[in-house]
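Okay, structure first, notes after.
Number of protein chains: 4
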Amino acid sequence: MIIIDYKDRRPIYEQVAERLEELILKGVLEPGSQLPSVRNLAVELSINPNTIQRAYMELERRRFIYSVKGKGSFIADNENLIDIKKEEVLETLTDVIKEAKEIGISKEQIIDKVSEGYR
Amino acid sequence: MIIIDYKDRRPIYEQVAERLEELILKGVLEPGSQLPSVRNLAVELSINPNTIQRAYMELERRRFIYSVKGKGSFIADNENLIDIKKEEVLETLTDVIKEAKEIGISKEQIIDKVSEGYR
Amino acid sequence: MIIIDYKDRRPIYEQVAERLEELILKGVLEPGSQLPSVRNLAVELSINPNTIQRAYMELERRRFIYSVKGKGSFIADNENLIDIKKEEVLETLTDVIKEAKEIGISKEQIIDKVSEGYR
Amino acid sequence: MIIIDYKDRRPIYEQVAERLEELILKGVLEPGSQLPSVRNLAVELSINPNTIQRAYMELERRRFIYSVKGKGSFIADNENLIDIKKEEVLETLTDVIKEAKEIGISKEQIIDKVSEGYR
DNA sequence: GTGGTCTAGACCACA
DNA sequence: GTGGTCTAGACCACA
Numbered sequence: 035m036i037i038i039d040y041k042d043r044r045p046i047y048e049q050v051a052e053r054l055e056e057l058i059l060k061g062v063l064e065p066g067s068q069l070p071s072v073r074n075l076a077v078e079l080s081i082n083p084n085t086i087q088r089a090y091m092e093l094e095r096r097r098f099i100y101s102v103k104g105k106g107s108f109i110a111d112n113e114n115l116i117d118i119k120k121e122e123v124l125e126t127l128t129d130v131i132k133e134a135k136e137i138g139i140s141k142e143q144i145i146d147k148v149s150e151g152y153r
Numbered sequence: 035m036i037i038i039d040y041k042d043r044r045p046i047y048e049q050v051a052e053r054l055e056e057l058i059l060k061g062v063l064e065p066g067s068q069l070p071s072v073r074n075l076a077v078e079l080s081i082n083p084n085t086i087q088r089a090y091m092e093l094e095r096r097r098f099i100y101s102v103k104g105k106g107s108f109i110a111d112n113e114n115l116i117d118i119k120k121e122e123v124l125e126t127l128t129d130v131i132k133e134a135k136e137i138g139i140s141k142e143q144i145i146d147k148v149s150e151g152y153r
Numbered sequence: 035m036i037i038i039d040y041k042d043r044r045p046i047y048e049q050v051a052e053r054l055e056e057l058i059l060k061g062v063l064e065p066g067s068q069l070p071s072v073r074n075l076a077v078e079l080s081i082n083p084n085t086i087q088r089a090y091m092e093l094e095r096r097r098f099i100y101s102v103k104g105k106g107s108f109i110a111d112n113e114n115l116i117d118i119k120k121e122e123v124l125e126t127l128t129d130v131i132k133e134a135k136e137i138g139i140s141k142e143q144i145i146d147k148v149s150e151g152y153r
Numbered sequence: 035m036i037i038i039d040y041k042d043r044r045p046i047y048e049q050v051a052e053r054l055e056e057l058i059l060k061g062v063l064e065p066g067s068q069l070p071s072v073r074n075l076a077v078e079l080s081i082n083p084n085t086i087q088r089a090y091m092e093l094e095r096r097r098f099i100y101s102v103k104g105k106g107s108f109i110a111d112n113e114n115l116i117d118i119k120k121e122e123v124l125e126t127l128t129d130v131i132k133e134a135k136e137i138g139i140s141k142e143q144i145i146d147k148v149s150e151g152y153r
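The listed protein sequences correspond, in order, to chains A, B, C and D.
When you number the first sequence by the working numbering, it's gap-free, plus one each residue, and the end is 153.
When you number the second sequence by the working numbering, it's gap-free, plus one each residue, and the end is 153.
When you number the third sequence by the working numbering, it's gap-free, plus one each residue, and the end is 153.
When you number the fourth sequence by the working numbering, it's gap-free, plus one each residue, and the end is 153.
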């Protein structure tokens, strides 16, 4: 399920976090359900527990999961999981649009790209 | 002209490259003209020559500048400097739109953001 | 009556202790009356008996409850239950005021906050 | 300058961060100046570099310091260092006042404590 | 068993 | 040299 690309320049913990995020957003990992323990996932992926924990910390910071000492880590159970992500993407979008405008890309050109993407 | 923000988490070479790009795109640094030597710019900014070198490499990779051994570095002289940048931004835009679609953001929501940005 | 918030970063035993304290201070659990047994409360809340034990220990340390071997745990029957709590809060307040003073917050600023809180 | 109390239940990284914060707020470590490197401080305190880094990360999150890859870590140079702290303390104060009110401590009692503290 | 902290030490990106 | 990431593995708090 989770594949680490060692050629990728991004750190492993980031790759793991991103992949888990994807599985969460797609519903493969269900809201409220328990994630594999730090140790188990570490063994499964053949990477260090510390690295997994770092990934979990990142997802916790973004409110996708939460960890309970002595119990384990869990997918956030609010239904708004997807909203957290939408917010993040819309923010990125706003930034890109701003930059596009600044360098002289016309509104029409952007609309075209949007139409293309939603074709 | 070039101000480095050490509080910025991005590496210094990236900041230098970005700032030079900006000066190039705005025409402050004219197409075909010579850039300051790595050594001189390093002294001027009080940073390591390696860092400038790295910034120049980055701009060369993106075709904004080119280097001539023994002579120095020069702003690309094709008139389409701005087009290189537009291409890059449109590519980023395409990526973001794709992601937005995937997580269920509607076309209308995006169009709204675009209209907002171009108001 | 006792709801555990797993998203809360504090340990479960602390949450249980705090909630029991609240029920005691509000008089829902009456002075002198018996608390549910560690085992029963554990079953009721679906958490580990060790966790309840730990919560009871904490409340005992703070003199809100006392345990009798072979009989169970009881709410302290002195009438000044609330005074124990007041003492604790006033002590915390003293600490915060001290720190506020040290970093240059004026007496007036604090008085303002107090007035705000009691408005 | 920095003394670690191994009997203290708080993690070492937190103790280090708190102590550094103190030195920063008191002006012992001057705004804009460089902190000891992660490695050097680790050797000096006989603790692991990772632990120091964790402390630095914490201070960076709270904007007291910033780190530059390849250069080092620095005290934030905005003059508002103390304001960051004041904000934090006033927030704590607000919380304590709220709790005090809830358990029936009178406004006068609090004002008394304030006067005591500022005597 | 589970997450949190820590050590000892390696290697990389960057300056 | 400096911070950032990672490994291998230990011990603690908590459940």
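Cβ atoms here follow ideal geometry from the backbone N, Cα and C, with glycine treated the same way.
*When you compare only the Cα positions, how much space is there between lysine 120/B and tyrosine 40/A?*
The count along the second sequence starts at 1 and reaches residue 120/B at position 86. The count along the first sequence starts at 1 and reaches residue 40/A at position 6. If I take the Cα positions, the gap works out to 31 Å.
*Run through the stretch 104-149 of chain D for me and flag every whole alpha helix (DSSP H) of 4 or more residues, listed as ranges in chain order.*
115-136
*Hey, would you say lysine 147/B sits closer than 7 Å to threonine 128/A, going by beta carbons?*
Mapped onto the second sequence, residue 147/B falls at position 113. Mapped onto the first sequence, residue 128/A falls at position 94. Yes, the Cβ-Cβ distance between lysine 147/B and threonine 128/A is below 7 Å.
*Look at valine 72/A and proline 83/A and say whether their C-beta atoms are less than 7 Å apart.*
Translated into the one-based positions of the first sequence, residue 72/A becomes position 38. Translated into the one-based positions of the first sequence, residue 83/A becomes position 49. Against a cut-off of 7 Å, the Cβ pair of proline 83/A and valine 72/A comes out as a contact.
*Neighbourhood of isoleucine 29/C by C-beta, 7 Å cutoff - its chain only, sequence neighbours within 5 removed*: What is shown of chain C runs 35 to 153, which leaves residue 29/C out entirely.
*Just checking, does the stretch 87-97 of chain B make contact with the stretch 40-52 of chain B on the three C-beta pairs under 8 Å criterion?*
yes
*Please state if the CB of lysine 135/B and the CB of glycine 151/A are separated by a distance shorter than 7 Å.*
Looking up residue 151/A in the first sequence gives position 117. Looking up residue 135/B in the second sequence gives position 101. Result yes, Cβ atoms of glycine 151/A and lysine 135/B sit closer than 7 Å.
*Within 7 Å of chain D by C-beta, residues of the stretch 125-153 of chain C in sequence order*: Thr126, Leu127, Thr128, Val130, Ile131, Lys132, Glu133, Ala134, Lys135, Ile137, Gly138, Ile139, Lys141, Ile144, Ile145, Lys147, Val148, Gly151 and Tyr152
_Cα-Cα separation, leucine 79/B to glycine 61/A_ = In the second sequence, counting from the first residue as 1, residue 79/B sits at position 45. In the first sequence, counting from the first residue as 1, residue 61/A sits at position 27. Between leucine 79/B and glycine 61/A, the C-alpha separation is close to 50 Å.
*In the DSSP assignment, what are the bridge partners of isoleucine 37/D?*
Residue numbering aside, residue 37/D sits at position 3 when the fourth sequence is read from its first letter. DSSP lists no partner for isoleucine 37/D.
*Endpoints, alpha helix (DSSP H) assigned at tyrosine 100/C*: Taking the first residue of the third sequence as 1, we reach residue 100/C at position 66. Segment 99-102 is the beta strand (DSSP E) holding tyrosine 100/C; no alpha helix (DSSP H) there.
_Taking the alpha-carbon of glutamate 133/A as reference, which of Arg44/B, Glu142/B, Glu56/B and Pro45/B has the nearest alpha-carbon?_
In the first sequence, the residue the question calls residue 133/A occupies position 99. When only C-alpha atoms are compared, the closest one is Glu56/B.
_Let's test the definition: count the other Cβ atoms within 10 Å of the Cβ of serine 140/D and tell me whether it reaches 16, buried, or not, exposed._
Counted from its first residue, the fourth sequence places residue 140/D at position 106. Exposed is the call here.
*Residue nearest to leucine 69/D in terms of C-alpha spacing, selected from Val102/D, Ile46/D, Ile81/D and Glu122/D*: In the fourth sequence, the residue the question calls residue 69/D occupies position 35. Considering only alpha carbons, the answer is Val102/D.
*Taking glutamine 143/B as the reference, give the member of Ile137/A, Val123/A and Gln143/A with the closest Cα.*
Sequence index remark: in the second sequence, residue 143/B carries index 109 (1-based). Taking only the C-alpha atoms, the option nearest glutamine 143/B is Val123/A.
*What are the boundary residues of the alpha helix (DSSP H) that includes arginine 153/B?*
Locating residue 153/B in the second sequence gives position 119, where the first residue counts as 1. Careful: arginine 153/B lies outside any alpha helix (DSSP H) and carries neither H nor E.
*Please list the partners that lysine 119/D has in chain C, where partner means a Cβ-to-Cβ separation under 7 Å.*
Sequence index remark: in the fourth sequence, residue 119/D carries index 85 (1-based). Within chain C, the residues near lysine 119/D are Ile137.
*Name the DSSP bridge partner or partners of glutamine 68/D?*
Within the fourth sequence, numbered from 1, the residue matching residue 68/D stands at position 34. Glutamine 68/D is bridged to Phe108/D.
*asked:* List, in chain order, every chain A residue whose beta-carbon is nearer than 8 Å to that of isoleucine 99/B.
replied: Here residue 99/B refers to the residue found at position 65 of the second sequence. Ordered by position in chain A, no residue passes the 8 Å Cβ test against isoleucine 99/B, which lies about 18 Å from the chain.
_Beta-carbon gap between valine 77/B and threonine 126/A smaller than 7 Å_ = As a first step, residue 77/B must be located in the second sequence, where it is residue number 43. As a first step, residue 126/A must be located in the first sequence, where it is residue number 92. No. Outside cutoff.
*Determine the chain C residues that contact isoleucine 116/D at a beta-carbon separation under 8 Å, and present them in chain order.*
Residue numbering aside, residue 116/D sits at position 82 when the fourth sequence is read from its first letter. Neighbours of isoleucine 116/D on chain C, chain order: Ile137 and Gly138.
_Residue range of the alpha helix (DSSP H) that includes proline 83/C_ = By one-based count along the third sequence, residue 83/C stands at place 49. Segment 83-95, the alpha helix (DSSP H) holding proline 83/C.
*Going by beta carbon distance, what residues of the same chain come within less than 7 Å of arginine 44/A, once the five residues before and after it are set aside?*
Here the question's residue 44/A lines up with position 10 in the first sequence. So the list is empty, once near-sequence residues are dropped.
*From this set, Leu54/C, Ile145/C and Glu113/C, which residue's C-alpha is nearest methionine 35/C's C-alpha?*
Along the third sequence, one-based indexing puts residue 35/C at 1. Minimum Cα distance to methionine 35/C is reached at Leu54/C.
*Within its chain, find whatever has a CB closer than 7 Å to the CB of isoleucine 46/C; leave out the 5 residues flanking it on each side and keep chain order.*
In the third sequence, counting from the first residue as 1, residue 46/C sits at position 12. Taken in chain order, the residues that qualify are Ile38, Ile81 and Thr85.
*Going by CA-CA distance only, name the one from Tyr100/A, Ser107/A and Arg96/A that's closest to asparagine 212/A.*
Only positions 35 to 153 of chain A appear in the structure, and residue 212/A is not among them; the question remains open.
*Note down, in chain order, every chain C residue with its Cβ under 7 Å from the Cβ of lysine 103/A.*
Here residue 103/A corresponds to residue number 69 of the first sequence, with the count starting at 1. What lysine 103/A touches in chain C: Pro45.
*Note down, in chain order, each residue of its chain lying with its Cβ closer than 8 Å to the Cβ of serine 67/A, except the 5 sequence neighbours on either side.*
Within the first sequence, residue 67/A is the residue found at index 33, counting from 1. Phe108 and Ile109, listed in sequence order.
*Contact set for leucine 93/D: own chain, Cβ-Cβ below 7 Å, skip 5 residues either direction*: Your numbering for residue 93/D matches position 59 in the fourth sequence. The answer, listed in chain order, is Ala51, Leu54, Glu55 and Ile99.
_Under DSSP, the alpha helix (DSSP H) around valine 50/C begins and ends at which residues?_
Working through the third sequence from its first residue, we reach residue 50/C at position 16. Run containing valine 50/C: 46-59, per the alpha helix (DSSP H) assignment.
*Classify lysine 73/A as helix, strand or coil using the three-state DSSP reduction.*
Reading the first sequence from its first residue, position 39 is the one you call residue 73/A. Checking the sequence, you will find arginine at residue 73/A rather than lysine. The answer is helix: DSSP assigns arginine 73/A an H, G or I state.
*Whole angstroms is fine: what's the gap from leucine 63/A's alpha carbon to glutamate 113/A's?*
In the first sequence, counting from the first residue as 1, residue 63/A sits at position 29. In the first sequence, counting from the first residue as 1, residue 113/A sits at position 79. The straight-line gap from Cα to Cα measures roughly 13 Å.
*Express the C-alpha separation of isoleucine 118/D and arginine 95/A in angstroms, rounding to a whole number.*
Translated into positions along the first sequence, residue 95/A becomes position 61. Translated into positions along the fourth sequence, residue 118/D becomes position 84. Cα to Cα, arginine 95/A sits roughly 21 Å from isoleucine 118/D.
*Within the same chain, show all residues whose beta-carbon is closer than 7 Å to that of aspartate 42/C, passing over the 5 residues directly before and after it, in chain order.*
Position 8 of the third sequence, counting from 1, holds the residue named residue 42/C. For aspartate 42/C, where only same-chain residues beyond five positions count, the Cβ hits under 7 Å are Gln49.
*asked:* Could you check whether the Cβ of valine 62/A sits closer than 7 Å to any Cβ belonging to chain B?
replied: Here the question's residue 62/A lines up with position 28 in the first sequence. For valine 62/A, the answer is no, since every Cβ of chain B falls outside 7 Å of its Cβ.
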